[in-house]
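Below is one structure; the comments refer to it alone.
Number of protein chains: 2
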Amino acid sequence: MSKRVVVVGGGFGGLLAARGLGGGHFDVTLVDRDNYFLFQPLAYQVATGALSSVEVAAPLRQVLRRHKQTHVVLGEVTGFDLASRKVVVEHLPNGEERRELEYDLLVAAGGSRYSYFGHDDWAHHAPELKSLDGALLIRDRILSAFEAAEVEPDPAKREAFLTFVVVGAGPTGVEMAGQIAELSREVLSNEYRTADTKTARVLLLEALPRVLTTYSTRLSASAERQLVSLGVTPRLSTPVVDIGDGFVEVEPQGRARERIATHTVVWAAGVQASPLAGLLAQQAGLEVDRAGRVEVEPDLTLPGHPEVFALGDMVTVRGQTLPGIAPVAMQQGRHVARSIRTGERTPFHYRNKGELATIGRRRAVGVVAGVPVTGFVAWLLWLGVHITYLVGFQNRVLVLTRWAFAYLLHGRGARVIRRR
Amino acid sequence: MSKRVVVVGGGFGGLLAARGLGGGHFDVTLVDRDNYFLFQPLAYQVATGALSSVEVAAPLRQVLRRHKQTHVVLGEVTGFDLASRKVVVEHLPNGEERRELEYDLLVAAGGSRYSYFGHDDWAHHAPELKSLDGALLIRDRILSAFEAAEVEPDPAKREAFLTFVVVGAGPTGVEMAGQIAELSREVLSNEYRTADTKTARVLLLEALPRVLTTYSTRLSASAERQLVSLGVTPRLSTPVVDIGDGFVEVEPQGRARERIATHTVVWAAGVQASPLAGLLAQQAGLEVDRAGRVEVEPDLTLPGHPEVFALGDMVTVRGQTLPGIAPVAMQQGRHVARSIRTGERTPFHYRNKGELATIGRRRAVGVVAGVPVTGFVAWLLWLGVHITYLVGFQNRVLVLTRWAFAYLLHGRGARVIRRR
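Just so you know, the protein sequences line up as chains A and B, in that order. Under the working numbering, the first residue of the first sequence is numbered 45, with each subsequent residue one higher. Under the working numbering, the first residue of the second sequence is numbered 45, with each subsequent residue one higher.
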């Protein structure tokens, strides 16, 4: 009988692990809450109407359709039983409340989410950008804010509607702020009659003293200049202390608290591992770190459990410091598939091919093969990499088409506000 | 001062009226609940994952961006005051509860919706296909039913999950049933491991004795044959008498009541005019017909109110019998714009260029320039017409791309199930 492999999570890591096992002699089951793989690095483009939601989402079954030994199960993984080798799945689509899946080998790839630093009530006012739901909610809010500004007679209130706040100046926050600025200055400026969308303020709040802190100070400075040239106001060393209905409160270093009137806050800060990391750690008698991650062996197995692999944003690898980005999860997914296929446990080594963050049309920063790049060249590289790694040929064609229109005509076609 | 024209409704009729007035000396305000024009004839393709929601939705502001005298206001029209020439708008995006818009000329184009024959509780079990929200809800349900069948061990329950019911065999119902059959037989058949999607039943329920009753009996018969060849089971003379959780009850003519076990019911029957028709009628001291429509003069003005035009699915035109289809509303929209521009009131004449309904790949029926067409030729004509009338060049390119993929690779890329 073929060995049963259960893969939990259909993100970059889980999907590549499942793909890597598909041709072999394994009975693979991939479990995910969603029926699609989300190309998360482009979720922010959905939030600004540049791409449609389905263009960054590939149905998992379609991606895995040629792997006849691979099953996809829609459901939420809520527990593990490492002793009896079972995964607990809840909320199955047929109405079943709970089912246990037995495995010989387990691959846990639950990913991460944004955390609100203990202020979960902020989530309501400041949706996050890790999920498609979050991206669509942000799109609704951004577009509705412009609509509100258009019909609002009071200038102060109109200014609040035209104030957009992005919390967190990592790659996602930087890209998001740049997109909102482009939207207000270029795309929408000839579509409104009363509101002057060019006067919109886009504030990028960051608790640390620079943007893109994982990059070099030189690249951070370049990114900051490019943001400013687009119309974004980066506010550094400016932690958020409160978010409520119609406002964000900040406490800039060495200065008094300040209240910003706004109706649109995007959250892109404080990454936290999936709760699955904690569940695994508990079962294995381990601790999680402050970000909720569990530490795995260099070969990506759970300590004491050579039959359990864990990878991606929900783990740290012993002896290595890795960034929480898609290429790491992808390489880990492939590594795990290879380990399972060959039966050998070898240490994982990350090949750092580089990292890129775009800021807007013809603007980006990054490091490719160790060389820092900025501006137009970085932007072209960013384009190429994202098109290459998008899943599905159809989505590549559609996304390229949308980007061509956006580039040539300053259009953003995917601008639907869902009904309240 | 320019004359103020308020256009209520941004569908085919309202949008073409607003467009036709844009270049003139009018101060035009278009009011709609949604910020987009929905290309309703293709909404069913969103419901089956063939197209993405934004590909059939064009932002109203984008369509009207060059018309500097045209304002778009997002909000719900809830009343008219014909005596003082005001339109009442509620739920504005800035939080304003109510606002009155004054007009010199009014164009009312509220369209229609499906009615549940007085059984509004059925709506919960059988979403309709007139809105984008409805289409996305149907997509969620259809795709979830296949997911449920895949994990359901009980064969009887699995059969219920693989039973799809479409109510109403007008063009939308026929197209929808054909798409579900294609989805289950061609697109999904190699993606599921446990459920055999090819065994899915697609029932098309119709109270009348034939499909597409507005077409000739010969075309109806052709459409029925094409549906059967695709795998659809048309059940004619079979009115629905009850819909509940997990079932549809029908009472076929001359036979006993029958209960069909299903979790996916699509509603495409019983068109009812927008409530705006009733509000207008009330103000003008008129009655509405059984479908809730108000009768307008041959020049499309409201009797006794030469300053009020009404058009599209919410009206009947005195002395004319017109089908409730997009070309009628479009021609009426253009006619009204011309009447307003010239100041002349001339009777509206519908130029019937034809009508087409598609059933699936290379399958369609219709009448073009008076000539009945079926099969591949009809399908090619259908394609051409729909691409031509889609709003926005970008959407045309994207839709053509999706259709090419669907045709060549049997793919349906837009298959996201939203989170419950």
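Backbone N, C-alpha and C fix where the C-beta goes; we use that ideal spot for every residue, glycine too.
Under 7 Å by beta carbon: chain A residues contacting residue i
| i | result |
| --- | --- |
| phenylalanine 449 of chain B | Gln438 |
CB contact below 8 Å: residue i versus chain A
| i | result |
| --- | --- |
| glutamate 331 of chain B | no |
| phenylalanine 56 of chain B | no |
| proline 103 of chain B | yes |
| arginine 237 of chain B | yes |
| histidine 115 of chain B | yes |
| serine 97 of chain B | yes |
| aspartate 71 of chain B | no |
Under the three-state DSSP convention, the category residue i falls into
| i | result |
| --- | --- |
| threonine 257 of chain B | coil |
| aspartate 76 of chain B | strand |
| serine 175 of chain A | coil |
| phenylalanine 64 of chain B | What sits at residue 64 of chain B in the sequence shown is glycine, not phenylalanine. DSSP places glycine 64 of chain B in helix when its eight states are reduced to three. |
| arginine 229 of chain A | helix |
| methionine 85 of chain A | Rather than methionine, the amino acid found at residue 85 of chain A in this sequence is proline. If DSSP states are grouped into helix, strand and coil, proline 85 of chain A belongs with the helices. |
| threonine 475 of chain A | Outside the shown range of chain A (45 to 464) lies residue 475 of chain A, about which nothing can therefore be said. |
| valine 460 of chain B | coil |
| glutamate 146 of chain A | strand |
| lysine 397 of chain A | coil |
| aspartate 184 of chain A | helix |
| leucine 344 of chain B | coil |
| proline 137 of chain B | coil |
7 Å CB neighbourhood of residue i in its chain, flanking five on each side removed
| i | result |
| --- | --- |
| alanine 213 of chain B | Leu248, Glu250, Val255, Leu256 and Pro278 |
| proline 103 of chain A | Asn79 and Tyr80 |
| glutamate 341 of chain B | Pro347 and Arg362 |
| glutamate 146 of chain B | Arg48, Arg129 and Lys130 |
| leucine 320 of chain B | Val52, Val121, Ala152, Gly154 and Met358 |
| glutamate 230 of chain B | His454 |
Limits of the unbroken alpha helix (DSSP H) element including residue i
| i | result |
| --- | --- |
| glutamine 316 of chain A | Careful: glutamine 316 of chain A lies outside any alpha helix (DSSP H), inside the beta strand (DSSP E) at 315-317. |
| serine 383 of chain A | 370-386 |
| tyrosine 158 of chain B | Element bounds for tyrosine 158 of chain B: not the alpha helix (DSSP H) but the beta strand (DSSP E), 156-158. |
| valine 107 of chain A | 104-107 |
| lysine 201 of chain A | 199-205 |
| alanine 167 of chain A | 166-169 |
Any chain B beta carbon closer than 8 Å to residue i
| i | result |
| --- | --- |
| threonine 445 of chain A | yes |
| arginine 109 of chain A | yes |
| leucine 59 of chain A | no |
| leucine 252 of chain A | no |
| alanine 244 of chain A | no |
| valine 441 of chain A | yes |
| tyrosine 158 of chain A | no |
| aspartate 78 of chain A | yes |
Proximal residues of chain C, C-beta to C-beta of residue i below 9 Å
| i | result |
| --- | --- |
| leucine 118 of chain A | Protein chains in the displayed structure are A and B, and chain C is not among them. |
Own chain, CB closer than 6 Å to residue i, minus 5 neighbours either side, in chain order
| i | result |
| --- | --- |
| arginine 385 of chain A | Gly68 |
| tyrosine 160 of chain A | Trp166 and Ala167 |
| isoleucine 224 of chain A | Phe208 and Val246 |
Residue i beta carbon near the ligand PLP (any heavy atom closer than 7 Å)
| i | result |
| --- | --- |
| threonine 308 of chain B | In the structure shown, the ligand PLP is absent, as is every other ligand, since no ligand is present at all. |
Enclosing beta strand (DSSP E) for residue i [first to last residue]
| i | result |
| --- | --- |
| isoleucine 431 of chain A | Per DSSP, isoleucine 431 of chain A belongs to no beta strand (DSSP E); it is in the alpha helix (DSSP H), 419-433. |
| proline 350 of chain A | 349-354 |
| histidine 115 of chain A | 114-118 |
| phenylalanine 449 of chain B | That residue, phenylalanine 449 of chain B, is in no beta strand (DSSP E); its alpha helix (DSSP H) goes 437-453. |
| proline 296 of chain B | Element bounds for proline 296 of chain B: n/a, residue is neither H nor E. |
| lysine 130 of chain A | 130-134 |
| aspartate 357 of chain A | Run containing aspartate 357 of chain A: none; DSSP gives neither H nor E here. |
| proline 278 of chain A | 276-279 |
| glutamate 339 of chain A | 338-340 |
Sequence-distant residues of its chain with Cβ nearer than 8 Å to residue i (five each side left out)
| i | result |
| --- | --- |
| valine 372 of chain A | Gly356, Leu366 and Tyr394 |
| arginine 406 of chain B | Gly419, Phe420 and Trp423 |
Per-residue contacts from residue i into chain B (C-beta, under 8 Å)
| i | result |
| --- | --- |
| leucine 206 of chain A | Here the premise fails: no neighbours, minimum Cβ distance about 11 Å. |
| glutamate 106 of chain A | It is worth fixing the name first, because residue 106 of chain A is glutamine in this sequence and not glutamate. Neighbours of glutamine 106 of chain A on chain B, chain order: Glu235, Gly455, Gly457 and Arg459. |
Listed by chain order, chain B residues near residue i by CB distance under 7 Å
| i | result |
| --- | --- |
| proline 137 of chain A | Ser188, Glu191, Ala192 and Val195 |
Per-residue contacts from residue i into chain A (C-beta, under 8 Å)
| i | result |
| --- | --- |
| leucine 249 of chain B | Within chain A, no residue comes near leucine 249 of chain B; the closest Cβ sits about 24 Å away, beyond 8 Å. |
Cross-chain neighbours of residue i in chain A, by beta carbon under 9 Å
| i | result |
| --- | --- |
| leucine 176 of chain B | Val460, Arg462 and Arg463 |
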